[in-house]
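For the record, the sequence lines run as chains A and B. First residue of the first sequence? That's 0 in numbering that gives the first Met the number 0, and the numbers climb one at a time after it. First residue of the second sequence? That's 0 in numbering that gives the first Met the number 0, and the numbers climb one at a time after it. Glycine is no exception: its CB is placed at the ideal position from the N, C-alpha and C atoms. This structure is a prediction, so every number in the text was calculated from the model and none was measured.
There are 2 protein chains.
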Amino acid sequence: MRELLEQRVFPLLGNTAPDGGHDSFVFDVDGAKLAFTTDSHVVRPLFFPGGDIGSLAVNGTVNDLAMSGARPLYLSVALIIEEGFPIAQLERVMGSMKLAADQAGVSLSTGDTKVVDKGKGDGLFITTAGVGAIEHGLTIAPGSVRPGDGIILSGDLGRHGISIMAEREGLSFETTVESDCAPLNSPVAALLEAELEIHCLRDLTRGGLATALKEIAMDSGHDIQIRESDIRVGDAVRGACEMLGLDPFYVANEGRMVVILPGAQVETALEILRKFSPTGSPTAIGFVKEERNRRLSLEGSLGVVRVLDLLSGEQLPRIC
Amino acid sequence: MRELLEQRVFPLLGNTAPDGGHDSFVFDVDGAKLAFTTDSHVVRPLFFPGGDIGSLAVNGTVNDLAMSGARPLYLSVALIIEEGFPIAQLERVMGSMKLAADQAGVSLSTGDTKVVDKGKGDGLFITTAGVGAIEHGLTIAPGSVRPGDGIILSGDLGRHGISIMAEREGLSFETTVESDCAPLNSPVAALLEAELEIHCLRDLTRGGLATALKEIAMDSGHDIQIRESDIRVGDAVRGACEMLGLDPFYVANEGRMVVILPGAQVETALEILRKFSPTGSPTAIGFVKEERNRRLSLEGSLGVVRVLDLLSGEQLPRIC
Numbered sequence: 000m001r002e003l004l005e006q007r008v009f010p011l012l013g014n015t016a017p018d019g020g021h022d023s024f025v026f027d028v029d030g031a032k033l034a035f036t037t038d039s040h041v042v043r044p045l046f047f048p049g050g051d052i053g054s055l056a057v058n059g060t061v062n063d064l065a066m067s068g069a070r071p072l073y074l075s076v077a078l079i080i081e082e083g084f085p086i087a088q089l090e091r092v093m094g095s096m097k098l099a100a101d102q103a104g105v106s107l108s109t110g111d112t113k114v115v116d117k118g119k120g121d122g123l124f125i126t127t128a129g130v131g132a133i134e135h136g137l138t139i140a141p142g143s144v145r146p147g148d149g150i151i152l153s154g155d156l157g158r159h160g161i162s163i164m165a166e167r168e169g170l171s172f173e174t175t176v177e178s179d180c181a182p183l184n185s186p187v188a189a190l191l192e193a194e195l196e197i198h199c200l201r202d203l204t205r206g207g208l209a210t211a212l213k214e215i216a217m218d219s220g221h222d223i224q225i226r227e228s229d230i231r232v233g234d235a236v237r238g239a240c241e242m243l244g245l246d247p248f249y250v251a252n253e254g255r256m257v258v259i260l261p262g263a264q265v266e267t268a269l270e271i272l273r274k275f276s277p278t279g280s281p282t283a284i285g286f287v288k289e290e291r292n293r294r295l296s297l298e299g300s301l302g303v304v305r306v307l308d309l310l311s312g313e314q315l316p317r318i319c
Numbered sequence: 000m001r002e003l004l005e006q007r008v009f010p011l012l013g014n015t016a017p018d019g020g021h022d023s024f025v026f027d028v029d030g031a032k033l034a035f036t037t038d039s040h041v042v043r044p045l046f047f048p049g050g051d052i053g054s055l056a057v058n059g060t061v062n063d064l065a066m067s068g069a070r071p072l073y074l075s076v077a078l079i080i081e082e083g084f085p086i087a088q089l090e091r092v093m094g095s096m097k098l099a100a101d102q103a104g105v106s107l108s109t110g111d112t113k114v115v116d117k118g119k120g121d122g123l124f125i126t127t128a129g130v131g132a133i134e135h136g137l138t139i140a141p142g143s144v145r146p147g148d149g150i151i152l153s154g155d156l157g158r159h160g161i162s163i164m165a166e167r168e169g170l171s172f173e174t175t176v177e178s179d180c181a182p183l184n185s186p187v188a189a190l191l192e193a194e195l196e197i198h199c200l201r202d203l204t205r206g207g208l209a210t211a212l213k214e215i216a217m218d219s220g221h222d223i224q225i226r227e228s229d230i231r232v233g234d235a236v237r238g239a240c241e242m243l244g245l246d247p248f249y250v251a252n253e254g255r256m257v258v259i260l261p262g263a264q265v266e267t268a269l270e271i272l273r274k275f276s277p278t279g280s281p282t283a284i285g286f287v288k289e290e291r292n293r294r295l296s297l298e299g300s301l302g303v304v305r306v307l308d309l310l311s312g313e314q315l316p317r318i319c
């Protein structure tokens with residue numbers, strides 16, 4: 000279906016690219032530079048360890064804005080509620096949206112509510128859009144990536160995807176895996192404030208680390224190499240991935256990002272990122288190469304290098 | 000359910016008022032004044048005479064921005080598609096969104112697509128958000144309304160609501176009633192360009208003319224009086240309303256507005272509005288009174304004045 004959408008439907012919208020929300024649209028009004036983005040959230044189940052559809056909807060849009068280097072300012076909230084959805088659950092979700100907005104320092108400023116008949120929805124869908132201000136002169140995009148750039152990963156991998164899957168399939172592990180759902184705007188603001196020359200930012204949502212970096216390699220033209228030993232995956236996530244036959248490098252996250260910037264600035268950036276506990280312990284995981292084959296490669300723990308590609312199979316549906 | 004939402008759920012969102020999209024949120028960034036709004040669209044059926052969910056979603060957000068006096072610039076488009084929804088229908092809707100955006104002079108600039116399992120949606124839901132620029136010094140809001148202000152209605156009433164209902168219930172009238180779905184930003188821009196002192200604008204969506212004016216009377220504190228003989232209702236709409244027991248003053252529109260401005264400027268405003276055929280023939284329908292009882296009254300054709308109130312019963316669901 001996605002292929003059909005991409006080939007036959009999206010082109011009709013003109014310059015719209017409903018691409019899963021990786022990129023914000025950037026525009027100028029009266030000299031002010033702004034970013035604008037939207038995402039619908041249809042996650043199932045609505046509540047999961049570490050978050051719910053409300054915190055996910057707020058953080059998702061906050062992070063889309065932050066990844067374009069914008070300071071998130073205002074979010075809109077549009078609810079599609081299935082008739083009969085318990086008010087107590089709605090109150091819980093609204094409370095968690097308010098909390099997430101306060102934590103990210105954004106305002107939920109406008110909204111809409113529609114109710115659909117029973118059987119014509121799935122409890123609750125939430126669409127957020129966001130506006131942010133771009134207050135620096137950098138072009139934060141794959142096109143700015145240069146050979147010699149270092150790549151920082153802001154924390155451990157795979158917690159959101161595994162948390163959703165465990166909840167949905169009724170799996171239980173020794174430790175409960177909590178989603179990493181969190182806002183990334185504060186660490187990005189701190190990196191910008193330190194006047195680091197950020198070349199590219201990308202949050203690791205659907206498709207995980209490997210997909211994000213492969214897309215950056217393709218869009219920038221440059222090869223990227225990462226080291227397996229520097230990429231942190233928690234024991235519980237690793238165990239769950241082994242059991243389920245998943246590769247944690249491709250599992251979804253909702254509070255992790257990669258930062259690409261000149262190699263000489265990597266240490267300073269790591270020091271700054273360490274101050275933001277929600278993003279976990281950051282590590283330098285690789286670098287951008289001179290070669291222009293649009294290739295992403297992984298140096299394994301025994302020194303063997305293999306190529307990583309985009310996932311060809313089905314991804315887990317309704318993870319966000 | 001709406002009552003429960005208003006009392007127990009919306010307050011949790013803080014300053015968000017998911018009020019059906021009457022008002023845009025207005026903010027400043029670096030001296031630029033902007034408006035921001037969102038609406039989810041769950042109209043059923045998706046296609047109706049005079050429009051479809053796509054044109055409705057674009058015009059609805061364009062009009063929300065225009066009613067705050069903003070020039071609509073950019074729209075986001077978030078689709079929630081039920082698995083198995085025919086691609087041909089999706090192409091048709093996307094085409095009509097593109098056309099509506101071109102007609103309104105706005106850009107569909109960012110988007111997202113989610114697919115939900117069969118039976119967990121209803122074909123297609125579309126959430127649009129919009130950003131516009133406010134380029135004048137007026138405060139266009141009920142609080143600016145003054146005694147002696149004239150009230151202009153931009154065209155005939157009730158076409159959207161009757162068109163949807165006829166399509167949904169399989170009713171047929173002698174003439175097909177086409178929705179009035181249309182963008183209102185060009186006539187608003189022309190009024191602003193003529194430097195008219197617009198006090199308030201409101202598009203007549205859910206709840207129709209009477210609800211819009213009663214809300215303005217309540218929010219401004221002033222009484223409003225309108226004349227039945229100056230309010231145009233087409234014969235087909237009137238006939239359908241009589242058959243269905245509906246009052247056309249309360250039926251939804253999607254391309255009609257009221258303009259409230261000083262009485263001395265009414266004639267100039269009417270001349271300008273007549274140039275915009277999509278809004279139909281505008282008429283001066285009433286005025287704002289000195290009295291501050293927050294009352295809306297209607298002078299009937301025989302000179303009898305009666306009070307109009309908010310609808311107490313159920314409104315037609317899923318009309319937008």
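Exercise. Once you ignore the five residues that flank P261 of chain A on each side, which residues in its own chain have a CB closer than 8 angstroms to its CB?
Worked result: The beta carbon of P261 of chain A is closer than 8 angstroms to those of R145, G147, D148, G149, E196, H198 in its chain, skipping five residues each way along the sequence.
Exercise. Looking only at its own chain, which residues have a Cβ that is under 7 angstroms from the Cβ of G320 of chain A, when we skip the five neighbours before and after it?
Worked result: Residue coverage of chain A in this structure runs from 0 to 319, which leaves residue 320 of chain A outside it and unanswerable.
For this session: Would you identify the three-state DSSP class for D63 of chain A, choosing helix, strand or coil?
Result: Per DSSP, reduced to three states, the secondary structure at D63 of chain A is helical.
For this session: Take G50 of chain B and list the residues in its own chain whose beta-carbon comes closer than 7 angstroms to its own, dropping the five residues that flank it on each side.
Result: For G50 of chain B, same chain residues with a beta-carbon under 7 angstroms away, outside a window of 5 residues either side, are S178, C180 in chain order.
For this session: Mind listing the chain A neighbours of L200 of chain B? Cutoff is C-beta to C-beta under 7 angstroms, in chain order.
Result: Per Cβ cutoff of 7 angstroms: no residues; L200 of chain B is ~17 angstroms from chain A at best.
Exercise. From T175 of chain B to R226 of chain B, what does the alpha carbon distance come to, in whole angstroms?
Worked result: So the two alpha carbons sit approximately 27 angstroms from each other.
Exercise. Does the beta carbon of G110 of chain A sit closer than 8 angstroms to a beta carbon anywhere in chain B?
Worked result: Interface residue, yes.
Problem set entry | Cβ contact (3+ pairs, closer than 8 angstroms) linking the segment 26-38 of chain B and the segment 87-104 of chain A | With a cut-off of 8 angstroms, the segment 87-104 of chain A and the segment 26-38 of chain B do not count as touching, because too few Cβ pairs lie within range.
Problem set entry | Other residues of its chain near V304 of chain A: CB distance less than 6 angstroms, five sequence neighbours each side excluded | The residues S296, E298, in chain order, have a CB closer than 6 angstroms to that of V304 of chain A in the same chain once the five nearest residues on each side in sequence are set aside.
Problem set entry | Run of the alpha helix (DSSP H) containing V327 of chain B, from where it starts to where it stops | Past the boundaries of the shown model lies residue 327 of chain B; chain B is included only from 0 to 319, so the question cannot be answered.
For this session: Kindly list the residues whose CB is nearer than 7 angstroms to the CB of F47 of chain A, restricted to its own chain and excluding five residues on each side of it in sequence; keep chain order.
Result: Within the same chain, F47 of chain A has close Cβ partners S162, I163, E166, S178.
Exercise. Under a Cβ-count criterion, where at least 16 other Cβ atoms within 10 Å of its own Cβ denotes burial, should E253 of chain A be classed as buried or exposed?
Worked result: Result: buried.
Problem set entry | Span of the beta strand (DSSP E), counted from its first residue to its last, around P182 of chain B | Unbroken run through P182 of chain B: none, as it is neither H nor E.
Exercise. Taking the alpha-carbon positions, what's the G20 of chain A to G131 of chain A distance?
Worked result: No answer about G20 of chain A holds up, because its pLDDT of 42 lies below 50 and its placement is not dependable.
For this session: Indicate the three-state DSSP secondary structure (helix, strand or coil) for H40 of chain B in the structure shown.
Result: In the structure shown, H40 of chain B falls within a strand segment according to DSSP collapsed to helix, strand and coil.
Problem set entry | Buried or exposed (CB count within 10 angstroms, at least 16 for buried), K113 of chain A | When all chains shown are included, K113 of chain A counts as buried.
Exercise. Would a check of beta-carbon distances place V306 of chain A closer than 8 angstroms to chain B?
Worked result: Between V306 of chain A and chain B, the shortest Cβ-Cβ separation is not below 8 angstroms.
Exercise. Does the beta-carbon distance from V92 of chain B to I52 of chain B come in below 8 angstroms?
Worked result: Yes. Within cutoff.
For this session: Could you check what DSSP says for S23 of chain B in three-state terms: helix, strand or coil?
Result: Taken through DSSP and simplified to helix, strand or coil, S23 of chain B comes out as coil.
Problem set entry | alpha helix (DSSP H) runs contained entirely in the segment 146-207 of chain B, provided each spans 4 or more residues | Qualifying alpha helix (DSSP H) stretches, in chain order: 158-168, 184-192.
Exercise. For S67 of chain A and chain B, any beta-carbon pair shorter than 8 angstroms?
Worked result: Not closer than 8 angstroms to any Cβ of chain B, the Cβ of S67 of chain A fails to qualify, so no.
Problem set entry | Distance, A140 of chain A Cα to A325 of chain A Cα | This structure leaves residue 325 of chain A out entirely; chain A is present only between 0 and 319.
Exercise. For a contact meaning CB atoms closer than 8 angstroms, what does D179 of chain A contact in chain B?
Worked result: Going along chain B, no residue has its Cβ under 8 angstroms from D179 of chain A, so there is no contact; the nearest lies around 21 angstroms.
Problem set entry | Segment contact, 8 angstroms Cβ cut-off, at least three pairs: the segment 239-254 of chain B with the segment 201-211 of chain B | As far as the Cβ criterion goes, the segment 239-254 of chain B touches the segment 201-211 of chain B, which means the pair count is three or higher.
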